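Chains as they are written, first to last, in this note's numbering: chain G, 1 to 308; chain D, 309 to 671.
All residues carry an ideal CB built from backbone N, CA and C; glycine is no exception.
Given the structure is predicted, the values throughout are model-derived calculations rather than measurements.
What follows is a single structure, written as structure tokens, with notes after it.
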Amino acid sequence: MSVKLRLSSAGAVPEPRTLASANRSLSVPREPAPSAARVRFWALGSTLLKVFGLAVFAFLLFGPLANLALWSFAERWYAPFKLPVSYGTRYWEVVFRPTGDAMSSLVTSVSIACLTVLVALAVSVPAGYALARLKLPWRTALMILFLLPQAFPSVAIYINVARVFYSIGLTGTITGVVLVHAAHGLVYSVWIAAAAFAAVDRDLELAARNIGASPLRTFFTVTLPLAAPGIMASAIFVFLESLDEFTGTFFVGVPQVTTLPLLLYNSSMGGNYQIASITALILLVPSILFMIIIERFLKAEVLSKVGQ
Amino acid sequence: MNSSPSAAIDIHDLHVSYGRQRVLHGVDLSVAPGEFIAILGSSGCGKTTLLRTVAGFQKAAGGAIRLFGRDVVNMPPEKRGMAMMFQSYALWPHMTVMGNVGYGLRLRGVPKDEIRTRVAKILKMLNLSGLEDRKVTNLSGGQRQRVALGRALAIEPEILLLDEPLSNLDAKVRVQLRSELKSLQNQLGFTAIHVTHDREEAMTMADRIVVMDAGRIAQMGSPKEVFDRPNSPFVASFMGAENTIDLDVNPASKGIEVKADGAAATAWDGRAPPGRVTAYFRDDVASLVDPNARIDGSIVLPGTITQRTYPGGHYRYVVAIADRHFTVTDDDYHELDRPVGLRLPLASLHLFPTDPTKGGNHA
């Protein structure tokens with residue numbers, strides 16, 4: 001979801017400029033020279049093609065979003081009508097009612113996401129540091145190991161996880177869902193944390209050791225603060241992934257744990273498009289906020305070390 | 309072999325390897341308290357490795373490092389009680405000047421107010437007063453390296469290690485910091501090891517110079533001693549005596565007789581190994597004379613002037629002798645293609661027996 005948004009903002013900017021240049025070439029009078037006319041013809045053609053391409057692109061991106069927005073304010077909307085029959089904020093009230101399903105799902109989703117971040121950081125900070133600094137045998141193999149949860153079809157994995165969790169009583173618990181989300185989030189957080197630690201100059205640590213800091217003191221006063229922006233970014237990735245996660249929650253958490261994506265699924269399956277649309281729009285908010293923060297935090301020098 | 313316990317740093321038979329590759333092959337070095345030592349060598353000679361092993365950043369494969377009689381070879385860096393300046397400054401960009409300089413004092417549990425006054429005192433000494441709350445990323449290179457020096461000196465170390473700290477600075481700042489460092493050392497009395505590849509820097513700052521070559525100490529001594537009496541062709545050429553000429557040394561009735569190919573023999577009362585020798589000399593010991601001149605204690609090689617430049621103050625000539633070319637400076641103007649004599653005072657040449665297996669490959 002967050003990726004889509006980035007693309008849409010990138011796609012929206014050049015559009016007015018292209019349209020303006022298309023208008024300009026239309027308004028220029030024809031010149032007698034045939035070769036110049038032909039050049040102009042092709043230029044016009046390519047501009048029109050670009051405008052058309054962008055329009056299709058924008059429609060594909062914004063169409064569903066616009067539909068979501070329409071649905072969230074539609075009180076009645078049925079078959080022959082191209083637009084809602086009547087508008088209103090009734091469903092927003094339903095969703096934001098303190099006793100509503102949506103609010104309790106939002107609280108569940110955010111708590112699970114926060115716990116997931118804590119679990120993922122507890123693993124990825126030491127693991128990232130070890131992968132970046134220590135001379136580990138099988139370093140590449142270890143890095144790839146963290147990619148494995150992404151490599152296999154997730155449904156197959158989650159069915160097996162659900163079976164194992166059932167036998168140890170973790171299905172339907174927040175703990176079970178957090179563990180599933182954390183395993184998924186570690187892919188990002190370990191790789192990004194390793195890159196963030198690798199970007200810290202070794203001499204900066206040695207300078208602290210040299211004037212009397214213990215290895216632990218050095219880590220907390222020099223290494224960690226300098227790697228913090230990257231760690232922060234990885235935490236945000238994990239948070240977003242957890243908020244959006246559906247499959248694992250579905251297999252491990254249902255029916256006791258209802259997160260926002262599950263609520264969205266339930267309401268749209270039940271034909272309640274208004275509730276589903278509003279839930280989707282609520283899910284957009286953290287994504288947008290965090291994309292903005294990530295752009296500020298993730299520096300090029302950290303990005304360039306990802307996967308090294 | 310046991311050196312006096314009074315030495316500030318006593319390195320004995322130190323071996324260091326990176327994996328299978330040996331970098332230091334048994335280094336012995338003893339530094340007196342308050343002494344300023346420069347370790348000089350080309351890149352890859354092991355000088356930085358030696359410094360980093362003393363600091364504890366690199367594990368030794370064998371040998372001992374004793375600081376004031378205490379063996380530290382297996383101690384982690386933070387237990388060794390020394391301070392270091394890095395070529396890259398290694399200042400912490402997330403801290404202010406105050407945070408950087410006061411870091412060592414904070415570690416030692418010094419109260420906040422006292423840290424402020426002590427840091428202020430150090431910054432005053434380094435002409436950085438008023439920059440306490442500035443971010444280190446907003447400072448110039450010279451200021452940064454001064455902050456790094458302040459950070460090192462704040463913990464009042466007995467030993468200061470300098471890993472080419474001046475090599476990233478521009479020439480003017482470098483010369484200025486050189487003399488500041490030297491006067492601070494005189495004032496505070498710390499022992500210093502300075503690693504550099506800059507011969508002039510080593511000569512001007514150090515009480516004693518250690519020249520390293522391929523993981524071994526090639527020679528150590530006072531700057532004058534190493535410059536005037538290099539003990540090997542490597543040290544001679546490293547100290548600037550990069551021209552070579554082959555000579556024959558024969559015993560004579562009075563002292564010895566030295567003869568160059570194609571020139572007359574000269575009697576000399578100096579000392580030289582008999583037989584075939586290679587003479588190493590710097591450009592500035594040669595001078596231009598009449599090609600037929602006979603001067604005692606000097607050899608005169610006949611040649612022709614092939615090139616003349618005027619870099620300012622004096623002329624610089626290239627003199628061709630047989631198929632070899634030498635650079636000479638002279639105050640007077642001479643025509644090109646004129647036959648001249650290249651005078652080399654024997655006392656200024658460094659003579660080493662010519663070794664057909666080893667000769668000629670020293671850059």
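* To do: Verify whether the separation of the beta carbon atoms of G/Leu260 and G/Ile236 is less than 8 Å.
  => no
* Fully enclosed by the stretch 521 to 585 of chain D, which beta strand (DSSP E) runs are 3 residues long or longer? -> 524 to 529, 551 to 559, 564 to 568 and 574 to 576
* To do: Tell me whether the beta-carbon of D/Pro647 lies closer than 8 Å to the beta-carbon of D/Pro599.
  => yes
* Residues in its own chain within less than 7 Å of G/Ala183 by CB, not counting five upstream and five downstream? -> Pro149
* Run down chain D in chain order and give the residues with a C-beta less than 8 Å from the C-beta of G/Gly230. => Residues of chain D passing the Cβ test: none, with the nearest at roughly 13 Å.
* **Length of the line joining the Cα atoms of D/Trp576 and D/Asp336** => 37 Å
* Same chain only: Cβ atoms within 6 Å of D/Met392, ignoring 5 sequence neighbours per side -> Ala363 and Leu469
* Asked: Where do the ends of the alpha helix (DSSP H) carrying G/Gln150 lie?
  -> Leu148 to Ala151
* Taking 8 Å as the CB-CB limit, is G/Ser214 close to chain D? -> yes
* Measure from the C-beta of G/Pro225 to each C-beta in chain D and report whether the shortest distance is under 8 Å. => yes
* **Assumed close pair D/Leu609, D/Arg507 - CB separation to whole angstroms, cut-off 8 Å** => Not quite, the Cβ-Cβ distance comes to about 27 Å (not below 8 Å), so this is no contact.
* Exposed or buried, what is D/Asp318 when buried is set at 16 or more other beta-carbons lying within 10 Å of its beta-carbon? -> buried
* To do: Decide if D/Gln674 is buried, meaning its Cβ has at least 16 other Cβ atoms within 10 Å, or exposed.
  => Any question about residue 674 of chain D goes unanswered here, given that chain D covers just 309 to 671.
* Asked: So, do the stretch 584 to 597 of chain D and the stretch 638 to 655 of chain D have three or more beta carbon pairs nearer to each other than 8 Å?
  -> yes
* Asked: Out of curiosity, what's the CA-to-CA distance linking G/Phe251 and G/Tyr158?
  -> 6 Å
* Determine the DSSP secondary structure at G/Ser21, reduced to helix, strand or coil. => The predicted position of G/Ser21 is uncertain, since its pLDDT is 45 and thus under 50; a value taken from the coordinates is nonetheless stated next. In this structure, G/Ser21 counts as helix in the three-state DSSP scheme.
* Asked: Taking the C-alpha atoms as reference points, what is the distance between D/Thr730 and D/Glu343?
  -> No statement about residue 730 of chain D is possible, as the shown extent of chain D runs from 309 to 671 and does not include it.
* Asked: Do the stretch 487 to 505 of chain D and the stretch 457 to 467 of chain D meet, that is, are 3 or more Cβ pairs less than 8 Å apart?
  -> yes
* Asked: Bridge partners of D/Thr614, per DSSP?
  -> D/Thr614 pairs with nothing; no bridge assigned.
* **Among G/Leu134, G/Thr116, G/Arg209 and G/Thr171, nearest to G/Tyr188 - alpha-carbon criterion** => G/Thr116
* To do: Note the first and the last residue of the continuous beta strand (DSSP E) segment covering D/Pro661.
  => His658 to Pro661
* Asked: In chain G, which residues lie with their C-beta within 8 Å of the C-beta of D/His502?
  -> Ordered by position in chain G, no residue passes the 8 Å Cβ test against D/His502, which lies about 16 Å from the chain.
* Is D/Ile603 helix, strand or coil when you go by DSSP? -> coil
* Any Cβ of chain D within less than 8 Å of the Cβ of G/Ala310? -> Residue numbering for chain G in the displayed model covers 1 to 308; residue 310 of chain G lies beyond these limits and cannot be assessed.
* Interface residues of chain G facing D/Gly412 [CB-CB closer than 7 Å] -> Ile211 and Gly212
* Rounded separation between G/Ile275 and G/Leu179 - CA only -> 28 Å
* Listed in chain order, which residues of the stretch 358 to 386 of chain D have Cβ atoms closer than 8 Å to some Cβ of chain G? -> Ala363, Gly364, Phe365, Pro384, Pro385 and Glu386
* To do: Starting from the N-terminal side, write out each stretch of the alpha helix (DSSP H) that is 4 residues or longer and does not extend beyond the stretch 440 to 483 of chain D.
  => 449 to 462
* Counting only the same chain and skipping the five closest in sequence on each side, list residues whose C-beta sits under 7 Å from that of D/Arg452. => Tyr397, Leu399 and Val444
* **Cut-off 8 Å between Cβ atoms - residues of its own chain near D/Cys353, not counting five sequence neighbours on either side** => Met520, Asp521, Ala522 and Gly523
* Asked: Interface residues of chain D around G/Arg139 at Cβ under 9 Å?
  -> Result: empty, since nearest Cβ-Cβ is about 16 Å, beyond 9 Å.
* **Proximal chain G residues relative to D/Met392, where beta-carbon distance stays under 9 Å** => Leu206, Ala207, Asn210 and Ile211
* Run through DSSP, which three-state label would D/Arg424 get? -> helix
* Asked: Quick one: is D/Arg328 near chain G, going by C-beta distance under 8 Å?
  -> no
* Asked: If we ignore side chains and look at the alpha-carbon of each, how far apart do D/Ser437 and D/Ala462 end up?
  -> 15 Å
* Apply the 10 Å Cβ neighbour rule to G/Ser27 and answer buried if 16 or more other Cβ atoms are within range, or exposed otherwise. => Because the pLDDT at G/Ser27 is just 48, under 50, the model does not fix this residue reliably, and the point stays unresolved.
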